[in-house]
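Residue numbers (the working numbering), protein chains in the order written: chain S, 1 to 255; chain Z, 1001 to 1298.
Written out below as structure tokens is the structure these notes cover.
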Ligand SMILES: Nc1ncnc2c1ncn2[C@@H]1O[C@H](COP(=O)(O)OP(=O)(O)OP(=O)(O)O)[C@@H](O)[C@H]1O
Ligand SMILES: [Mg+2]
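And the structure:
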């Protein structure tokens, strides 16, 4: 990784414990700006845990303890005095299960901007439209913006959630298995969307689907029981894995 | 003796016990329905006797003395319902939010929850006794609608807190994560995502509370008193009434029944008015709940 790419998030010697359970062990990883970084690995290896610690969603879990450094543009996000609300505005999140709020499509997208103090119908209208276009779902919902978001299909709901995330203009978008609850057609749409997203945002995605990782990501990190075993450019990791355990995993010999 | 054929015997016994059980279940269901229906019909029939427009539109015992009525008591009951809910709902919902969202889950919250559950089972007359002494020391009046309403507020608080807490606990984690993940502060998340999702639960607790308020008598005799007058001469009376005595419908029913004789029929008429009041209030609450739900799922 000698190329001159800027680093968006850098983690140094990160350890995370859920009570006694040592869930992340000494993770050192640099996430590159405007690239898609994929996290792969068997179930329970700590992918989601790592992803959530990037925007401090783990703060909500009692008994969760973290050591080490997380630097966003060089600034430590775990030091006292950091405003987690501002942090989460800069690092947004899309979850495994589509989770639109039980409100209208419009109110879902406008939720984040309103939280951060944006008022005025014209302004919000514009943000809603741009976000929906950005998430490639505008044409499908433009005639029903004021209908409940829960009336949409799963794939549409997930794109609404992506639109909701980009409506606050984050710098980084974290996605935890965003397509695992969706059918192949919806999955394809979201994968296509990712490619346009990375022009504006830095994306980190957890996926169980290795084909998906090779299709969409620039970098891939392989996790195994709390350790990050290998991290490289996606095509390198999949064609010339350096670690025996990575090779075993990607060739399907375990996991 | 020959051994009986076990197979056919057990089969027969099972068939018999089946039928017996069915008959028993049917009988108990029939008893319940018959009792409820019978009671309602009885009250309607007996109550119609004394029920008239005059009965509804005059306060009890007003001059001339033959003029029996419940107007004052209907108004008192509405006062009690409104004031009690105005006091108890915000406090109850607030306490429920605190207990589920902010308090550190542990022994203390468990003790508080256990206490609220126990409070819900205390006989209402004890609330009345406590309320009359406690609020007398504050307001220095023996009986007042306010004293009654505050006593009832203490009484219905546990119901509101528990029901709201259960509703809050059923809000999907995904909604919370979605809101927090967008950078919303916790209170904003509670206000915009959690509370709207539990509006049904809160309304349920309010309906349950209305039932208890309208049906309560023991706690009110000590606190709100028995007056049945209806004096609204000026706008100010609407407010000063709160500090006056005011007997509810149930208390009035008790008085008519206690005197018995020719007044007994008015006890039944009051009972009928009470039934209809509860019915109307419940229908209104259901309508409100329905409209809120409809508005939310546009
Ligand atoms: N809230 C929690 N409390 C306690 N332990 C947890 C919690 N969440 C995860 N863990 C533990 O941390 C470890 C890593 O879990 P994590 O969810 O990060 O795995 P994952 O790689 O995302 O798995 P999957 O692919 O199944 O989603 C597991 O051992 C899990 O049991
Ligand atoms: Mg996971």
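No residue lacks a Cβ here, since even glycine has one placed at the ideal position from N, Cα and C.
All of these numbers come straight from a predicted model, not from anything done at the bench.
- At a cut-off of 7 Å, the beta-carbon of residue 10 of chain S does not count as near ligand 1: no heavy atom of the ligand is closer than that.
- Distance between residue 84 of chain S and residue 234 of chain S, taken at the CA atoms: about 31 Å.
- Between residue 1075 of chain Z and residue 1230 of chain Z, the C-beta spacing is below 8 Å.
- In the structure shown, the three-state DSSP call for residue 65 of chain S is strand.
- Residue 188 of chain S and residue 195 of chain S have their C-alpha atoms some 11 Å from each other.
- The segment 1200 to 1220 of chain Z makes no contact with the segment 1044 to 1054 of chain Z: fewer than 3 CB pairs, one atom from each, lie closer than 8 Å.
- For residue 1251 of chain Z, the uninterrupted alpha helix (DSSP H) run begins and ends at 1249 to 1259, by DSSP.
- In this structure, ligand 2 has no non-hydrogen atom nearer than 7 Å to the beta-carbon of residue 225 of chain S.
- Comparing C-alpha distances from residue 95 of chain S to each of Z:1123, Z:1068 and Z:1181 shows the shortest one belongs to Z:1181.
- By the criterion of a C-beta distance shorter than 8 Å, residue 1128 of chain Z is surrounded in its chain by 1151, 1218, 1219, 1220, 1221, 1222 and 1223, once the five residues flanking it on both sides are discounted.
- Taking 8 Å as the CB threshold, residue 249 of chain S stays off the interface with chain Z.
- Residue side-chain check: residue 48 of chain S places its Cβ nearer than 7 Å to a non-hydrogen atom of ligand 2.
- In terms of side-chain proximity, the C-beta atom of residue 94 of chain S is found no nearer than 7 Å to any non-hydrogen atom of ligand 2.
- Taking C-beta atoms as the reference points, residue 137 of chain S and residue 159 of chain S count as a pair closer than 8 Å.
- Residue 93 of chain S sits buried, since 16 or more C-beta atoms from the chains shown fall within 10 Å of its C-beta.
- At least one CB atom of chain S sits nearer than 8 Å to the CB of residue 1184 of chain Z.
- Of the other Cβ atoms in all chains shown, fewer than 16 fall within 10 Å of the Cβ of residue 1037 of chain Z; this residue is therefore exposed.
- Straight-line spacing of the CA atoms in residue 1188 of chain Z and residue 1091 of chain Z works out to 19 Å.
- Short note on residue 137 of chain S: C-beta not closer than 7 Å to any heavy atom of ligand 2.
- Per DSSP, the beta bridge partners of residue 232 of chain S are S:220.
- DSSP lists no bridge partner for residue 208 of chain S.
- In this structure, residue 1080 of chain Z and residue 1213 of chain Z form a Cβ contact; the two beta carbons are roughly 6 Å apart against a cut-off of 8 Å.
- From the beta-carbon of residue 1194 of chain Z, no residue of chain S is found nearer than 8 Å; the closest lies around 11 Å away.
- The beta carbon of residue 206 of chain S sits closer than 7 Å to at least one heavy atom of ligand 2.
- The DSSP-derived three-state label of residue 37 of chain S is strand.
- According to the DSSP secondary-structure assignment, residue 10 of chain S is paired through a beta bridge with S:30 and S:71.
- Between the segment 1082 to 1101 of chain Z and the segment 1153 to 1167 of chain Z there are three or more inter-stretch CB-CB distances shorter than 8 Å, so the stretches are counted as touching.
- At the C-beta level, residue 1235 of chain Z and residue 1194 of chain Z stay beyond 8 Å of one another.
- Under the DSSP assignment, residue 176 of chain S falls in the beta strand (DSSP E) whose first and last residues are 172 to 176.
- Remark: the shortest separation between the CB of residue 41 of chain S and any heavy atom of ligand 1 falls under 7 Å.
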